[in-house]
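Chain order of the listed sequences is S and Y.
Per numbering that gives the first Met the number 0, residue 0 is the first one in the first sequence, and the count goes up by one each step.
Per numbering that gives the first Met the number 0, residue 0 is the first one in the second sequence, and the count goes up by one each step.
Heads up, the thing below is written out as structure tokens.
Protein chains: 2
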Amino acid sequence: MRDVARQAGVSVKTVSRVFNEDRHVLPETRRRVEEALAALNYTPNMLARTFRDGRSPVIGLAVPSISDPFFAAIADGVEQVAAQHDMSVLITSLGAEGAREEGIVESLLRRQLGALVMAPTATDQGYLSRWSSKLPLVFVDRPPRGIDADCFVEDDLGGARTATAHLIDRGHRRIAFVGNSEDISTTANRLHGYRAALEEAGLPFERDLVLLGATTAAGAGRAAAALAAADPAPTAVFSSDAQTTMVLVPALSGRRLAIAAFGDFPMAATLSPALTVVDQDPDALGRLAAQRVLHRLEGDDREPSSLVTLPVRLIERASCRPPHDLVELFPSTTPSGGDARS
Amino acid sequence: MRDVARQAGVSVKTVSRVFNEDRHVLPETRRRVEEALAALNYTPNMLARTFRDGRSPVIGLAVPSISDPFFAAIADGVEQVAAQHDMSVLITSLGAEGAREEGIVESLLRRQLGALVMAPTATDQGYLSRWSSKLPLVFVDRPPRGIDADCFVEDDLGGARTATAHLIDRGHRRIAFVGNSEDISTTANRLHGYRAALEEAGLPFERDLVLLGATTAAGAGRAAAALAAADPAPTAVFSSDAQTTMVLVPALSGRRLAIAAFGDFPMAATLSPALTVVDQDPDALGRLAAQRVLHRLEGDDREPSSLVTLPVRLIERASCRPPHDLVELFPSTTPSGGDARS
DNA sequence: TTGTAAGCGTTATCAG
DNA sequence: CTGATAACGCTTACAA
């Protein structure tokens, strides 16, 4: 920049003015500076810029796992909006357990991010209160606990209730719930929705039919075994999340059960039978979160934080036949070779 | 930092020394400074730090689409390694077309990244030569064109040849190739592998059986129609990438064909029939790329750039039955509702 | 061992 | 409209 100033015979400040399209520059001066700018192929140093205003044009994004298609879709949404506003997205995976969340997020935050979008894994986010005044904090998929912040979630309760009611409508009376962990708000809410549908239909809630920890092949195997052992056996299953569904489906191969699942995923419609699912819109979740971030970044107004719940909808396919008419699920024709790595 | 210095009665430089664990500090002084550090809850300003040494501890990652499970897995690998070394990962989607690559990457690079890892979409990366001396450039999945740089790819040619040969072994004589675009190196290499297998078996290569542009539902539909129209009809299909496979599979529902695909994906083993695929390891690709970045960042040595090809392996499942024994592919049982949003 | 001074590239302030 | 100067927080070079 100094070189440009020398070449144009002006001060660095004037170069800065021209470059930033400040109006208070004589056309003639502007022309000279622009020439020099072009001649020397000037590129501004973003580091200096961000250093100066103390905040980088970067949105941090922390999710349980970036390779989970659901969170990848959220990331995509955030990235789309960020890119339109000349911001970048810094991605971090938190891991499923929650124990590492605080450490990872703290070190992310120390990088002077412009904002943070996060789908938490820990059971408490109180540690973020130190930061909440310094940068916009927006939660997605899972609301924060121990701190108040903007949040975008799907209608977990409603979706689970709808799906469960759908199974009940089809004539099922014993329906199992298979999912991740009650420590995760989405799972907890979906369990509530499941119970609500049961209650509305006057059906008993049975703890034995709630099978958690089923997001790994081993966990899904245990869940499948428990389903088989239950007496009387359930005739239907509600799978609480896509991760669970993707491992549960192979574990249920050959069984005669109805199945409905929360969360659509690629190939769900191509399985045999095609899966009836509650469809979410993770991309919208990401876009909305990013938009809120930008809004917070611009308006210095202190609006109260809001919780937005996105509607979900049931996609009826073929996996919810009535109890007397069940077909074999996902018949196995595999001579060798396991399932895809997660 | 100034405050800490004042509180401890030393100069800022000494604080800096203590904080950076410089040994040339008296234990007594160190103690006082550490106390002040703790008392004032000092947090270093990363922006100032990175500004000073001109380079941020950030690895840029540019991929066609972060919501594609394959690239999400690469991102995961990069992120794992980066996190272990206290670096962050800035993610950008380039879009499938390639037209926007240069603009997006240039603006990413202007942010003074520490390094760039990229799976290119454009047909030429010559524009990067301006940057190659300033930061490590590492390519994944697709080699660069018009510039020399480190690169990690899978064995596209070998994998495609193996899969095609597998179909030939099973007795197929007319095998179609369905894929993305020859402009993409992976597709081009896989097409070569397919031809090589054909040649080795003394089978003719027929341009009519090469169906490209099949990565969208519409494209896959066209490919499926072309397959049906071909005369004599092919008895087998080789799908060149997972994106294609995921849209092609629904389009082929009900047909009697053998099918082998490049790229495993969740549920491939649970389809009916279970898909025989060439398995890649995108996570390893990401990890290796990140490791090379770190290596380049540390050693100032000017080693020549290298091209590493990762082996792939065929996972035999059930979708490659002989011509006389074909079964209906992915029987459709969907009464309503489309497939998942990609 | 500790401190001082200078500088990284940009922009805000304020004077001319 | 334009320019000199300071400041952002930290680290390196050099002195004491």
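We treat Cβ as the ideally placed atom computed from N, Cα and C, and that holds for glycine.
Enclosing alpha helix (DSSP H) for G192 (chain S) [first to last residue]: Walking along the first sequence from the start, residue 192 (chain S) turns up at place 193. Where G192 (chain S) is concerned, the enclosing alpha helix (DSSP H) stretches over S184 to E199.
T42 (chain Y) burial status per 10 Å Cβ neighbour count (16 or more: buried): Taking the first residue of the second sequence as 1, we reach residue 42 (chain Y) at position 43. Exposed is the call here.
Boundaries of the beta strand (DSSP E) in which S180 (chain S) is found, first to last residue: To locate residue 180 (chain S), count along the first sequence from 1; it is residue 181. Run containing S180 (chain S): none; DSSP gives neither H nor E here.
Within the segment 222-258 of chain S, ranges of the beta strand (DSSP E) (whole runs, at least 3 residues): 235-238
Proximal residues of chain S, C-beta to C-beta of R295 (chain Y) below 9 Å: Position 296 of the second sequence, counted from the start, is the residue given in the question as residue 295 (chain Y). Per Cβ cutoff of 9 Å: no residues; R295 (chain Y) is ~20 Å from chain S at best.
Within chain Y, partners of R110 (chain S) - CB distance below 9 Å: In the first sequence, residue 110 (chain S) corresponds to position 111, counting from 1. The answer, in chain order, is M45, L46, T49, S55, P56, V57 and S87.
Residue-chain proximity (V11 (chain Y), chain S), Cβ-Cβ < 8 Å: Taking the first residue of the second sequence as 1, we reach residue 11 (chain Y) at position 12. No, its Cβ sits nowhere closer than 8 Å to a Cβ of chain S.
Per DSSP, cross-strand counterpart(s) of I174 (chain S): On the first sequence, position 175 is the one that residue 174 (chain S) refers to. Its beta-bridge partners are S:A235.
Separation of E27 (chain S) from R22 (chain Y), as counted between CA atoms: Indexing the second sequence from 1 puts residue 22 (chain Y) at position 23. Indexing the first sequence from 1 puts residue 27 (chain S) at position 28. Going by the C-alpha atoms only, they are around 56 Å apart.
Validate contact between the segment 150-170 of chain Y and the segment 309-319 of chain Y using beta carbons, cut 8 Å, 3 pairs: yes
CB contact check: D240 (chain Y) to chain S, cutoff 8 Å: The count along the second sequence starts at 1 and reaches residue 240 (chain Y) at position 241. Not closer than 8 Å to any Cβ of chain S, the Cβ of D240 (chain Y) fails to qualify, so no.
At least three beta-carbon pairs within less than 8 Å, the segment 290-302 of chain Y to the segment 278-287 of chain S: The count of Cβ pairs closer than 8 Å, one atom from the segment 290-302 of chain Y and one from the segment 278-287 of chain S, stays below three, leaving the stretches out of contact.
Sufficient close CB pairs (3 or more, under 8 Å) joining the segment 103-113 of chain S to the segment 88-96 of chain Y: no
E351 (chain Y) burial status per 10 Å Cβ neighbour count (16 or more: buried): Nothing can be reported for residue 351 (chain Y), as the shown portion of chain Y is limited to 0 through 341.
Simplified DSSP state of V276 (chain S), which is helix, strand or coil: Numbered from its first residue, the first sequence carries residue 276 (chain S) at position 277. The DSSP-derived three-state label of V276 (chain S) is strand.
According to DSSP, residues forming a beta bridge with D149 (chain Y): Within the second sequence, numbered from 1, the residue matching residue 149 (chain Y) stands at position 150. Per DSSP, Y:V137.
Test: L202 (chain Y) CB closer than 8 Å to a CB of chain S: Taking the second sequence and counting its residues from 1, the one referred to as residue 202 (chain Y) is at position 203. With 8 Å as the cut-off, L202 (chain Y) does not count as an interface residue toward chain S.
Distance between R206 (chain Y) and A232 (chain Y) (C-alpha atoms, nearest Å): On the second sequence, residue 232 (chain Y) is found 233 positions in, with the first residue counted as 1. On the second sequence, residue 206 (chain Y) is found 207 positions in, with the first residue counted as 1. Computed Cα separation, rounded: 14 Å.
Touching by the beta-carbon criterion (3+ pairs, under 8 Å), the segment 143-151 of chain Y and the segment 115-132 of chain Y: yes
Local conformation of V315 (chain Y) per DSSP, three classes: By one-based count along the second sequence, residue 315 (chain Y) stands at place 316. Reading the sequence as shown, one finds Glu at residue 315 (chain Y) and not Val. Residue state, collapsed to three classes: coil.
Rounded straight-line distance, which links the Cα of A7 (chain Y) to that of R110 (chain S): Residue numbering aside, residue 110 (chain S) sits at position 111 when the first sequence is read from its first letter. Residue numbering aside, residue 7 (chain Y) sits at position 8 when the second sequence is read from its first letter. Between R110 (chain S) and A7 (chain Y), the C-alpha separation is close to 26 Å.
At least three beta-carbon pairs within less than 8 Å, the segment 186-194 of chain Y to the segment 212-222 of chain Y: no
Within chain Y, partners of F329 (chain S) - CB distance below 8 Å: Numbered from 1 along the first sequence, position 330 holds the residue referred to as residue 329 (chain S). In chain order: T269 and S271.
Cβ-based burial, A339 (chain Y) [other Cβ within 10 Å; buried from 16]: In the second sequence, counting from the first residue as 1, residue 339 (chain Y) sits at position 340. Residue placement at A339 (chain Y) is flagged as unreliable, the pLDDT there being 47, under the threshold of 50; the coordinate-derived value follows with that caveat. Burial call: buried.
Residue from S:V88, S:G253, S:A219 and S:A229 with nearest C-alpha to V246 (chain S): As a position in the first sequence, residue 246 (chain S) is number 247, starting the count at 1. For the residues S:V88, S:G253, S:A219 and S:A229, the minimum Cα distance to V246 (chain S) belongs to S:A219.
Separation of P272 (chain Y) from T333 (chain S), as counted between CA atoms: Counting from 1 along the first sequence, the entry for residue 333 (chain S) is found at position 334. Counting from 1 along the second sequence, the entry for residue 272 (chain Y) is found at position 273. Bear in mind that the predicted position of T333 (chain S) carries a pLDDT of just 47, short of 50, making it unreliable; the figure below should be weighed with that in mind. About 7 Å.
Residue nearest to T243 (chain Y) in terms of C-alpha spacing, selected from Y:A81, Y:A72 and Y:D67: Numbered from 1 along the second sequence, position 244 holds the residue referred to as residue 243 (chain Y). Out of Y:A81, Y:A72 and Y:D67, Y:D67 has the C-alpha closest to the C-alpha of T243 (chain Y).
N403 (chain Y) and S239 (chain Y) closer than 8 Å at C-beta: Here chain Y covers residues 0 to 341 and nothing more, so residue 403 (chain Y) does not appear.
Check whether L136 (chain Y) and L112 (chain Y) have beta carbons under 8 Å apart: For the purposes of this step, residue 136 (chain Y) is identified with residue 137 of the second sequence, where counting begins at 1. For the purposes of this step, residue 112 (chain Y) is identified with residue 113 of the second sequence, where counting begins at 1. For L136 (chain Y) and L112 (chain Y), no; Cβs fall outside 8 Å.
Closer than 7 Å at the beta carbon, the chain Y residues around V248 (chain S): Position 249 of the first sequence, counted from the start, is the residue given in the question as residue 248 (chain S). By Cβ distance, chain Y contributes T269.
P56 (chain Y) versus I58 (chain S) - alpha carbon distance: Taking the second sequence and counting its residues from 1, one reaches residue 56 (chain Y) at position 57. Taking the first sequence and counting its residues from 1, one reaches residue 58 (chain S) at position 59. Their Cα atoms are separated by approximately 16 Å.
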